[in-house]
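Residue numbers (our numbering), protein chains in the order written: chain A, -2 to 317; chain B, 17 to 394.
Note that CB positions come from ideal geometry on N, CA and C, so glycine has one too.
Below is one structure, written out as structure tokens; comments come after it.
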Amino acid sequence: MDKPAGPPIVVDRLSKRFGSFSALDGVSFDIGRGEIMGFLGPNGAGKSTLIRILCGLLRPSSGRAIVAGIDIADDPEGVRQRIGYMSQKFSLYGDLSVVENLRFFGGIYGVPSRLLDERIRRVVEMADLQGRETALVSTLAGGWKQRLALGCAILHRPAVLFLDEPTSGVDPGSRRRFWNLIHDLSDDGVSVLVSTHYMDEAEYCMRIALIAAGRLIALGTPHDLKQQSIGGELLELECDNLGAALDLVAHVPGVKDAAVFGNALHLLVDKVDPTAAAVRARLAEHGLPSARTRQIAPSMEDMFVHLVRASRTATAGAAP
Amino acid sequence: MRVRRIIAIARKEVLQVVRDPRSLMIALLLPLMQMFMLGYGVNLDVSHIPLCTVDQEGNQQSTDLLKRFSASRYFDVRAVATTLAEVTRQLDAGGCQLAVVVPRGFSRHLADEGAATVQVLVDGTDSNTATIAAGYAGAVIAGYSNQVQLDAIHRRGGQIQTLTPVSVQSRVWFNEDLESSYFIIPGVVALVMAIVGAQLTSLTIAREWERGTMEVLVSTPVTPLELMLGKLFPYFAIGLFDAAMCLALAVGWFHVPFRGTLLTLLATTSLFLMVVLCIGYYVSVSIRSQVGASQVALILTMLPTTLLSGFSFPIEQMPRFVQGVTYLVSARYYVTILKAVFLKGSSVVELAVPVACLALYAAVLVTLAARSFRKTLD
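Here it is as structure tokens:
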């Protein structure tokens, strides 16, 4: 695989419209060699559309993209030779065996015959598929299928890997195993672009891009995003009547935002120190005396909810 | 174009066909079933016509006349009626298609006036068969009439002078026995090839869309042409195998004489196969469901091939406008070629026009099929 001079992926003001619907709106970012970039966003935010454009399955309405050092508009087949793609829906041949699927994709990607057997052996080993080589794929459980799909996508040693919600419908143990494989690939220099709606999976990524309504609303490491983009400190509030409490605390000075998280409220405040006491006092005044507050580190979900809400109120583009 | 990719696709396709009972049935069982059903079902020969006789005279002469009917292989005497009402019932019920009535006084008229009449009633529902049946009946009666005349001359001790100033000596070429199956069976082979060929490929792309495998396939570097070639090769091989099976049945089972060369047959069959495989492929690309594509492919091949290829309905007898339409039916050329190769032993040179038309047809459809598939999802 020839090494591109610049970053493996450069996306420059990419837009995609379906009729009057804008699925992607001026998205720009780049991904370095060996980087794992996570795309986080609600369903229909444009994650799959973005991945499909970068794989050459859809044509962008405007903007440019360079994948594996090649402009997707100039040489889509060249791009396809250098990428691996795992679609949201399982898309291997269920009526073929594990090895037959691998052999098929090896042939399609033109893996030299003398290397193919060795590559297949290593993929089978990596994906932990030993003993199942001749099993029909339709008989495999979800986690096995998914690791095989990854195996089929990397048989030709692509420089860039696109994974569209690869772990949906897979049990937690298999998900962890899958992410270990992704990190191994990243160590070998493969750039990985992965979309997910599991917040915990976002923590495994080196950088996260947040997408809502077709726009990129935040980009950064999980740590930075959580700290910076929230713009304050986070207070967890446990009390009896969450609904009533939500209305009450919203008007306490120093509270910038409040939302229900599970069986508690998360409050975004300027400073925990005076505001926590003010919040408890306000609740006690209105007959909710047993409220407990404590400062918490913002989770991925806090950040996500906050940023999506902020982007909805903002009219101008919120891309950093 | 990379041969590796074509081989990878062809290999995968073979594995899928072998493991899919529905595809296997289309590939192996369907042609056999159709050959037998159509080979026996489509028969234009008129013989064993169910006959009803009425002998109102009831003497030696009338019995002699009716014996000629029961001895003929064209007639089966199913009923011997005594009244005309009974004859009407037989014809109404469809038990008999033809009735011969020898009237009372038949022998007396013959002796006194030297002429008598016999009544023939025909069920004309199927006009073609009726015409032929009435003709056969006329011939049987004419044969008897000649015999009567000869006997009379004998009795008078006269010299028998058989003088026919102008005689017809007709010799039938190519289908000497005038067996309709000889020209229908090659047409049946064309029909079976058209149906099976298009059915085979109609599933191939639709299956990838239905099962979601297309999404990943289009993300790979495989080109539309490689995909098409990889997918057509296995079906081409299956198609040739089916063709060999059908042609062997035509010769070995239905005893159609084969006078041409196998090479001519192979070359022209390959051309026709390309046409029908590409029709199926094109339909499969356009209609992304297996059931839908298979239905459309069936209609596109079976209807024109049955009605407009000249396989059983002669094109020369069609209205001029419909004759024009038949030039658009690829099977028309293949049926013409097959009949000629089988019965006349024609070579490619003698068949230059239909072969060229078929080749042109194949070229157009291969181009269409190759351009139909786009590697994008929008």
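Among the options, nearest to residue i - alpha-carbon criterion
i: isoleucine 6(A); options: Ser17(A), Gly43(A), Leu51(A); result: Leu51(A)
i: alanine 42(A); options: Ser192(A), Val249(A), Pro295(A); result: Ser192(A)
i: leucine 207(B); options: Val34(B), Tyr349(B), Glu29(B); result: Tyr349(B)
i: glycine 140(B); options: Ile221(B), Lys391(B), Ile65(B); result: Ile65(B)
i: arginine 79(A); options: Asn260(A), Val252(A), His153(A); result: His153(A)
i: leucine 323(A); options: Leu178(A), Asp168(A), Gly170(A); result: Residue 323(A) lies beyond the residue range present for chain A, which begins at -2 and ends at 317; the question has no answer from this structure.
i: valine 205(B); options: Ala97(B), Thr322(B), Pro119(B); result: Thr322(B)
i: valine 8(A); options: Gly103(A), Glu298(A), Ile293(A), Leu21(A); result: Leu21(A)
i: lysine 391(B); options: Arg49(A), Leu133(A), Pro39(A); result: Arg49(A)
i: methionine 41(B); options: Gln215(B), Ala87(B), Asp61(B), Leu126(B); result: Gln215(B)
i: leucine 258(B); options: Leu289(B), Met318(B), Val345(B), Ser183(B); result: The sequence shown places aspartate at residue 258(B), not leucine. Cα-wise, what sits closest to aspartate 258(B) is Leu289(B).
i: serine 196(B); options: Ala95(B), Leu354(B), Asp61(B), Leu384(B); result: Asp61(B)
i: threonine 164(A); options: Tyr201(A), Asp185(A), Val157(A), Thr310(A); result: Tyr201(A)
i: lysine 285(A); options: Leu265(A), Cys236(A), Gly259(A); result: One detail in the question is off: residue 285(A) reads as leucine in this sequence, not lysine. Of the candidates Leu265(A), Cys236(A), Gly259(A), the one whose C-alpha sits nearest the C-alpha of leucine 285(A) is Cys236(A).
i: alanine 155(B); options: Asp167(B), Leu82(B), Glu224(B); result: Leu82(B)
i: valine 257(A); options: Val269(A), Val266(A), Ala242(A), Val249(A); result: Ala242(A)
i: leucine 47(A); options: Lys223(A), Trp176(A), Ala150(A), Ala206(A); result: Ala206(A)
i: valine 371(B); options: Thr285(B), Val188(B), Ile303(B); result: Thr285(B)
i: methionine 83(A); options: Gly240(A), Arg204(A), Phe175(A), Ala307(A); result: Phe175(A)
i: phenylalanine 91(B); options: Cys112(B), Ser183(B), Gln106(B); result: Cys112(B)
i: aspartate 27(A); options: Lys44(A), Leu222(A), Glu74(A), Leu216(A); result: Leu216(A)
i: serine 235(B); options: Gly81(A), Gly29(A), Phe36(A), Phe15(A); result: Gly81(A)
i: phenylalanine 190(B); options: Val380(B), Met17(B), Phe358(B), Glu366(B); result: Phe358(B)
Residue i (DSSP reduced to helix, strand or coil)
i: histidine 263(A); result: strand
i: proline 317(A); result: Because proline 317(A) sits at a pLDDT of 40, beneath the cut-off of 50, its placement in the model cannot be relied upon, and the point is left open.
i: threonine 312(A); result: Because threonine 312(A) carries a pLDDT of 45, less than 50, the predicted location of this residue cannot be relied on, and no value is offered for it.
i: glutamine 215(B); result: helix
i: arginine 111(A); result: helix
i: threonine 141(B); result: coil
i: glutamine 185(B); result: coil
i: methionine 203(A); result: coil
i: serine 161(B); result: helix
i: alanine 375(B); result: helix
i: lysine 0(A); result: Confidence is the limiting factor: at lysine 0(A) the pLDDT is only 49, short of 50, which leaves the residue's position unreliable, though a coordinate-based value still follows. Residue state, collapsed to three classes: coil.
i: phenylalanine 327(B); result: coil
i: glycine 151(B); result: helix
i: serine 188(A); result: strand
i: lysine 253(A); result: strand
i: isoleucine 83(A); result: Note on residue identity: the sequence assigns methionine, not isoleucine, to residue 83(A). Note: methionine 83(A) maps to strand in three-state DSSP.
i: glutamine 50(B); result: helix
i: arginine 4(B); result: Chain B is shown from 17 up to 394; residue 4(B) falls before or after that span and cannot be answered.
i: arginine 21(B); result: helix
i: arginine 212(A); result: strand
i: isoleucine 254(B); result: helix
i: alanine 115(B); result: strand
i: alanine 124(A); result: coil
i: threonine 98(B); result: coil
Whole-Å CB distance - residue i paired with residue j, under 8 angstroms assumed
i: alanine 378(B); j: leucine 287(B); result: 5 angstroms
i: glycine 166(A); j: glycine 148(A); result: Not confirmed; about 18 angstroms, so no contact.
i: valine 212(B); j: proline 47(B); result: 5 angstroms
i: methionine 297(A); j: proline 169(A); result: Their Cβ separation, rounded to whole angstroms, is 16 angstroms, which puts methionine 297(A) and proline 169(A) out of contact at 8 angstroms.
i: valine 134(A); j: leucine 145(A); result: 7 angstroms
i: threonine 69(B); j: valine 96(B); result: 5 angstroms
i: valine 246(A); j: leucine 234(A); result: 7 angstroms
Chain A residues whose Cβ lies nearer than 8 angstroms to that of residue i
i: glutamine 32(B); result: Tyr90, Asp92, Leu93
i: aspartate 36(B); result: Asp92
i: lysine 28(B); result: Tyr90, Leu93, Glu97, Phe101
i: glycine 228(B); result: Ser84, Lys86, Phe87, Ser88
Within chain B, the residues that residue i reaches when beta carbons sit closer than 8 angstroms
i: arginine 49(A); result: Leu393
i: cysteine 52(A); result: Ser235
Distance cut-off 7 angstroms: residue i Cβ against heavy atoms of the ligand MG
i: threonine 104(B); result: As for the ligand MG, it is missing from this structure, which has no ligand bound.
Proximal residues of chain B, C-beta to C-beta of residue i below 9 angstroms
i: glutamine 78(A); result: Thr236, Pro237
Interface residues of chain B facing residue i [CB-CB closer than 7 angstroms]
i: isoleucine 105(A); result: Arg21, Ala24, Thr236, Val238
i: cysteine 236(A); result: Under the 7 angstroms cutoff, chain B gives no residues; its nearest Cβ is about 48 angstroms from cysteine 236(A).
Amino acids of chain A, ordered along the chain, whose beta-carbon sits closer than 9 angstroms to that of residue i
i: valine 301(B); result: Result: empty, since nearest Cβ-Cβ is about 16 angstroms, beyond 9 angstroms.
Ignoring anything shorter than 3 residues or poking outside the stretch 128 to 168 of chain A, list the beta strand (DSSP E) runs there in chain order. If only uninterrupted beta strand (DSSP E) runs of at least 3 residues are considered, those enclosed by the stretch 128 to 168 of chain A are 157 to 161.
Hey, which unbroken runs of the beta strand (DSSP E) at 3 residues or more fall wholly within the stretch 22 to 74 of chain A? The stretch 22 to 74 of chain A contains these whole beta strand (DSSP E) runs: 33 to 37, 59 to 64.
Inside the stretch 62 to 96 of chain B only - beta strand (DSSP E) runs reaching at least 3 residues: The stretch 62 to 96 of chain B contains these whole beta strand (DSSP E) runs: 65 to 71.
Report the start-end ranges of each alpha helix (DSSP H) in the stretch 277 to 312 of chain A that is 4 residues or longer and not cut off at the edges. Those alpha helix (DSSP H) runs which fall completely within the stretch 277 to 312 of chain A and span 4+ residues are 297 to 310.
Let me know the beta strand (DSSP E) ranges lying completely inside the stretch 295 to 377 of chain B, each 3 residues or longer, listed in chain order. Counting whole runs of 3 or more residues, the stretch 295 to 377 of chain B contains no beta strand (DSSP E) stretch at all.
Entirely within the stretch 240 to 290 of chain B and at least 4 residues each: give me those alpha helix (DSSP H) ranges in chain order. The stretch 240 to 290 of chain B contains these whole alpha helix (DSSP H) runs: 240 to 268.
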